Amino acid sequence: MEIIRIDSLSKKYKDSDYYSVENLSLQIFEGEVFGLLGPNGAGKTTLISMLCGLIKPTSGSFTIAGLSYKDTPMDIRRLIGVVPQEYALYPTLTATENLVYFGAMYGLKGKVLNSLVEEGLSKMGLSKFAHKKIGAFSGGMKRRVNLLAGILHEPKLLFLDEPTVGVDVQSKNVILDFLNEQNQSGMTIVYTSHHLIEAQELCDRIAIIESGKVIVQGTPQELIDTTEGARNLEDVFIALTGRGLRDAI
Amino acid sequence: MLYKLGMAIRKELLLQSRDVGGLIILFVMPMVLLITITMVQKGSFDSITGTRIPVLLVDNDKGEIAQTVRKELGDIGSFEVVEKVNGAILDEKEAKEAVFKGDYQLAIVLPPKLSDDLNLHIKQNVDKVMAEFSYSDSDTVTAAITEIKKKDVNLYFDPATQESFKTAIKSSIDKLIATIEKDKVYKVFQEELGVNEEAVFDNGQILQYREIGPEAGRNSLKPSAVQHNVPAWSLFAIFFIVVPLSINIVKEKSQGTMVRLITNPVPYTLFLLGKTFTYLLVSLIQFYLMLLVGIYVFPLLDLPAFEVGHHFLQLSAMALFAGLAAIGFGILLGTIATTQEQSAPFGATFVVILAAVGGVWVPVFVMPAIMQTISKLSPMNWALSGFYDILLRQGSWLAILPNIILLLLFFMLTLLIAVLYDKKKRTI
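Read top to bottom, the protein sequences are chains U and A.
Going by UniProt numbering, the first residue of the first sequence is number 1, and it counts up by one from there.
Going by UniProt numbering, the first residue of the second sequence is number 1, and it counts up by one from there.
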């Protein structure tokens, strides 16, 4: 059953000459881990920003669990969790204070909230740092708290924008294991990354986006199999998007 | 929703309490500012306790006018007459140099024979009048008239002296000379009438003015620097909340927490209300600290104590609505600005402009007409007028209601613009 349905979605920023997302259609199904891959400036973050309700599309439409932001924005927000690429945390608050605050914004309270925070920190290996300020955390520790803040309310659909960027292998493994566990319990995950091997391991299906359009989609194995000479997803990516730089403003 | 608002306020309070530098800026700096400004301005408002300004006097007259000027200037209480520097009597050139170098604010140079010529001038006029009434031979009077050249009393001012001070000095000297002239006229009349031994004319003033201010109970209230400064500079501090508040919002955007908050199932307004309540609390604490400084610290510094009287609730209400207006502006600035480099200097400069226009530094009534009109648009002026209504004019709740409504409308308008701007921005 589809959880996200995107129909001819386009986005053109006010001062831009080109569409960041152009006439894009896509379906994402419940319970899958879906990877949105593409070079810099391909339109991944713009697409996720629209799906999270941060910016409005220029044209086209999409639904999340059959709901639209136009009609029921608060219902959608209750269903989704967002993990931005930045460490979206207050550096002068402790890990617990950050998580309690973000959890409370989803209506979680009391013992339930406290136990979710404790449990989450424990799974991420951060229990002994629960009452330390985020500002003192390493990049990997911040990433783990950042992820926890997005899933504390156990969303049905989780948007992850490069969740493992800038972390060591150990932190990355903890994060990926945790995501797998969440997915096993029924959470749908939409994920963007430049780590193609990681995406290959984690994702059930992948869409490669170039210039705001989906140029190919399928399971990682399907994409590898249908691309001549490709041994992994990185080969597929290079074959489809080329080796040229994508610098654009 | 109340629970979420409570948690948002808790978070803001935690953030504030962890920012020690910010707390110092919010609470300590305004108190230091209030004390400093009040100490500096003390003399302007309270002439009784004012410091004496040294004034150079070059006496080329050596007559009774010089003596009177010396005595009267000394008696005014605001001036200290200086005629010798390093033990030597000053001449005009030395006095001029000393003033233009900035060592003194003012030099008064009395011309030679000023007393003699003034006496002669008055005597001739009196003789003329007496002749008209046949007390003397008019022909003799006409024949005896000597032409007297006009005398210049030279005033040298330090170029840095403010115009208002110059005007006050000129006015004092004018009054002094008029008094001398008047006394002289009476004296010459007495001499001419041959009643030298005993005063015939009562040359005391029968007109005098009394300054009557509003009264609190049986006590007449005298506005002092303290009664002006505590509300004015408290207001200035309250409006400076614009800077940390706008920075706070810009930080939320730059550190990514705003993204999380926008994707939460809470309206943007709740997020803003969380900040509003927190900063309102901060502004009220600021205000009460300033009151405490005025009441308890000022007397220790030989300044008059701030008198709250029975206006505590009215003052609190005015501070609360002034705080709301400041918060509305801070939220709007934080919403529009994209970097701290934009919000901080703009916020600080704009608050200074609002203060200047609002009459915190210079009273509105002395401003040019155009600025007086503009000042009516400054929320700081609305709040300051409200404070003065309460403290200096014994205004009632009804008197300050228009100010309160204006401040509330300003808050609502700025908040509305911020919400609409944010909504519009996200459609880009």
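Just so you know, even glycine gets a beta-carbon here, dropped at the ideal spot from N, CA and C.
Just so you know, these numbers come straight off a predicted model, no measurement behind them.
Classify residue i as buried or exposed, calling it buried when 16 or more other Cβ atoms lie within 10 Å of its own Cβ.
{"i": "Q27 (chain U)", "result": "exposed"}
{"i": "D71 (chain U)", "result": "exposed"}
{"i": "L112 (chain U)", "result": "Correcting the residue identity first, residue 112 (chain U) is Val in this sequence and not Leu. The residue in question, V112 (chain U), is exposed, as its Cβ has fewer than 16 Cβ neighbours within 10 Å."}
{"i": "M1 (chain A)", "result": "exposed"}
{"i": "S115 (chain A)", "result": "buried"}
{"i": "R260 (chain A)", "result": "buried"}
{"i": "T338 (chain A)", "result": "exposed"}
{"i": "K4 (chain A)", "result": "buried"}
{"i": "Y13 (chain U)", "result": "exposed"}
{"i": "E252 (chain A)", "result": "buried"}
{"i": "H311 (chain A)", "result": "buried"}
{"i": "M258 (chain A)", "result": "buried"}
{"i": "D7 (chain U)", "result": "exposed"}
{"i": "S246 (chain A)", "result": "buried"}
{"i": "S47 (chain A)", "result": "Confidence at S47 (chain A) is low in this model, with a pLDDT of 46, below 50, so the placement of that residue should be treated as unreliable; the coordinate-derived value is given next. With fewer than 16 other Cβ atoms within 10 Å, it is exposed."}
{"i": "S396 (chain A)", "result": "exposed"}
{"i": "H153 (chain U)", "result": "buried"}
{"i": "K275 (chain A)", "result": "buried"}
{"i": "L272 (chain A)", "result": "buried"}
{"i": "Q24 (chain A)", "result": "Position check: residue 24 (chain A) holds Ile in this sequence, whereas Gln was assumed. I24 (chain A) should be labelled exposed."}
{"i": "K182 (chain A)", "result": "exposed"}
DSSP state of residue i, grouped into three classes?
{"i": "P54 (chain A)", "result": "strand"}
{"i": "I37 (chain A)", "result": "helix"}
{"i": "N40 (chain U)", "result": "coil"}
{"i": "E22 (chain U)", "result": "strand"}
{"i": "V80 (chain A)", "result": "Inspection of the sequence shows that residue 80 (chain A) is occupied by Glu rather than by Val. If DSSP states are grouped into helix, strand and coil, E80 (chain A) belongs with the strands."}
{"i": "Q27 (chain U)", "result": "strand"}
{"i": "D7 (chain U)", "result": "strand"}
{"i": "S68 (chain U)", "result": "coil"}
{"i": "Q208 (chain A)", "result": "coil"}
{"i": "R10 (chain A)", "result": "helix"}
{"i": "G395 (chain A)", "result": "coil"}
{"i": "G35 (chain U)", "result": "strand"}
{"i": "D235 (chain U)", "result": "helix"}
{"i": "D19 (chain A)", "result": "coil"}
{"i": "T349 (chain A)", "result": "helix"}
{"i": "S47 (chain A)", "result": "Residue placement at S47 (chain A) is flagged as unreliable, the pLDDT there being 46, under the threshold of 50; the coordinate-derived value follows with that caveat. Of the three classes helix, strand and coil, the one that applies to S47 (chain A) here is coil, per DSSP."}
{"i": "T226 (chain U)", "result": "helix"}
Quick one: which chain A residues come within Cβ less than 8 Å of residue i?
{"i": "I80 (chain U)", "result": "T263"}
{"i": "P84 (chain U)", "result": "G256, V259 and R260"}
{"i": "A149 (chain U)", "result": "R260"}
{"i": "M1 (chain U)", "result": "Those do not exist, as M1 (chain U) stays about 23 Å from chain A at its closest Cβ, beyond 8 Å."}
With residue i and residue j assumed to form a contact (beta carbons below 8 Å), what rounded beta-carbon distance in angstroms separates them?
{"i": "I327 (chain A)", "j": "F411 (chain A)", "result": "7 Å"}
{"i": "Q227 (chain A)", "j": "L391 (chain A)", "result": "6 Å"}
{"i": "P379 (chain A)", "j": "A319 (chain A)", "result": "Between A319 (chain A) and P379 (chain A) the Cβ distance is about 13 Å, and since that is not below 8 Å, they are no contact."}
{"i": "T263 (chain A)", "j": "R77 (chain U)", "result": "6 Å"}
{"i": "N229 (chain A)", "j": "T38 (chain A)", "result": "4 Å"}
{"i": "I35 (chain A)", "j": "V364 (chain A)", "result": "With 8 Å as the limit, I35 (chain A) and V364 (chain A) do not qualify as a contact, their Cβ atoms being about 25 Å apart."}
{"i": "G323 (chain A)", "j": "L280 (chain A)", "result": "5 Å"}
Does any heavy atom of the ligand SAM sit closer than 8 Å to the C-beta of residue i?
{"i": "V360 (chain A)", "result": "Inclusion of the ligand SAM in the displayed structure is not the case, the ligand content being empty and no account of it being possible."}
For residue i, which residues in chain U fall below 8 Å Cβ to Cβ?
{"i": "K11 (chain A)", "result": "Y90, L93, E97 and Y101"}
{"i": "T339 (chain A)", "result": "Those do not exist, as T339 (chain A) stays about 15 Å from chain U at its closest Cβ, beyond 8 Å."}
{"i": "residue 471 (chain A)", "result": "The displayed coordinates of chain A run from 1 to 428. Any statement about residue 471 (chain A) would go beyond what the structure contains."}
{"i": "M412 (chain A)", "result": "Within chain U, no residue comes near M412 (chain A); the closest Cβ sits about 24 Å away, beyond 8 Å."}
Which bits of chain U does residue i rub up against, with CB to CB less than 7 Å?
{"i": "F278 (chain A)", "result": "Looking at the sequence shown, residue 278 (chain A) is not Phe but Thr. Here the premise fails: no neighbours, minimum Cβ distance about 13 Å."}
{"i": "R18 (chain A)", "result": "T92"}
{"i": "M367 (chain A)", "result": "None at all; the shortest Cβ gap to chain U is about 42 Å."}
Using a C-beta to C-beta distance shorter than 7 Å, which residues of chain A count as neighbours of residue i?
{"i": "R77 (chain U)", "result": "T263, N264 and P265"}
{"i": "M74 (chain U)", "result": "P265"}
Name the chain U residues that come within less than 9 Å of residue i, Cβ to Cβ?
{"i": "F3 (chain A)", "result": "Contrary to the premise, residue 3 (chain A) reads as Tyr rather than Phe in this sequence. Going along chain U in sequence order, the residues near Y3 (chain A) (Cβ under 9 Å) are A104, G107 and K109."}
{"i": "L15 (chain A)", "result": "Y90, T92 and L93"}
{"i": "M371 (chain A)", "result": "Going along chain U, no residue has its Cβ under 9 Å from M371 (chain A), so there is no contact; the nearest lies around 38 Å."}
{"i": "M29 (chain A)", "result": "In chain order: nothing, as chain U lies at least about 20 Å away."}
At a CB-CB cut-off below 9 Å, which residues of chain A make contact with residue i?
{"i": "L54 (chain U)", "result": "V259, I262, T263 and R426"}
Exercise. Could you tell me which uninterrupted beta strand (DSSP E) segments, each at least 3 residues in length, are contained entirely in the stretch 74–149 of chain U, listed from first to last along the chain?
Key: 80–83
Alpha helix (DSSP H) runs contained entirely in the stretch 286–347 of chain A, provided each spans 4 or more residues:
312–336
Restricting to runs no shorter than 3 residues, where is the beta strand (DSSP E) found entirely within the stretch 143–194 of chain U? 157–161 and 188–192
| request: Pick out the complete alpha helix (DSSP H) segments inside the stretch 101–163 of chain A, 4 residues or longer, and give them in chain order. | output: Here the runs fully enclosed are 114–132 and 138–144.
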